[in-house]
């Protein structure tokens with residue numbers, strides 16, 4: 050499944066600029082669901098692992114992940130919370146502030162999480178995020194992922 054996601058992102062980046070732009074403009078989960086680029090990945094993943102995407106909630110979260118991945122400039126090794134807490138060269142502050150990060154963890158629903166992540170991704174200096182970690186964290190968002198994010202984020206020292 051991981052290779053299918055990376056192949057999809059690579060094709061989106063190199064050969065489907067319009068699809069990438071459409072996903073980047075998706076302001077809601079419903080907007081992302083209606084993008085042909087999402088539909089292509091969804092069909093491919095269902096063919097690989099149908100049980101993983103058997104519920105509408107998982108499909109919504111996959112659409113969220115697709116729209117968020119369209120904001121990633123280059124695949125990287127860092128998980129999203131690590132990337133959110135690596136200061137840009139020459140700066141001493143995290144790209145995503147402690148307050149903004151806390152609000153992400155406290156998002157009351159998937160729509161609020163999607164909006165918060167859409168706004169946070171452009172703040173990451175080099176735009177590098179691990180695509181598979183991003184997808185997995187969004188698909189399985191819940192207390193365990195939130196806890197893992199809280200551990201992974203480099204909290205500022207005061």
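In the numbering used here, the protein residues as written are 50 to 207.
Ideal Cβ placement from N, Cα and C applies to all residues, glycine included.
Query raised in the report: Counting along the chain, where does the alpha helix (DSSP H) carrying residue 85 start and finish?
Result: 85-97
- Take every Cβ of the stretch 68-85, pair it with every Cβ of the stretch 94-112, and state whether three or more of those distances are shorter than 8 angstroms. Yes, they touch.
Note to self: Just to confirm before moving on: does the CB-CB distance between residue 172 and residue 118 stay below 9 angstroms?
What the structure shows: Taking C-beta atoms as the reference points, residue 172 and residue 118 fail to come closer than 9 angstroms.
* To do: Starting from residue 177, follow its DSSP beta bridges and name the residues at the other end.
  => 123
- Message: With distance defined between alpha-carbon atoms, name the residue in 158, 77, 53 nearest to residue 91.
- Response: Selection 158, 77, 53 evaluated against residue 91 yields 53 as nearest (Cα-Cα).
Apply the 10 Å Cβ neighbour rule to residue 148 and answer buried if 16 or more other Cβ atoms are within range, or exposed otherwise. exposed
Does the beta-carbon distance from residue 61 to residue 74 come in below 9 angstroms? For residue 61 and residue 74, no; Cβs fall outside 9 angstroms.
Given this structure, state the Cα-to-Cα distance separating residue 160 from residue 168, to the nearest angstrom.
12 angstroms
Sort 179, 93, 58 by Cα distance to residue 126 and report the nearest one.
179
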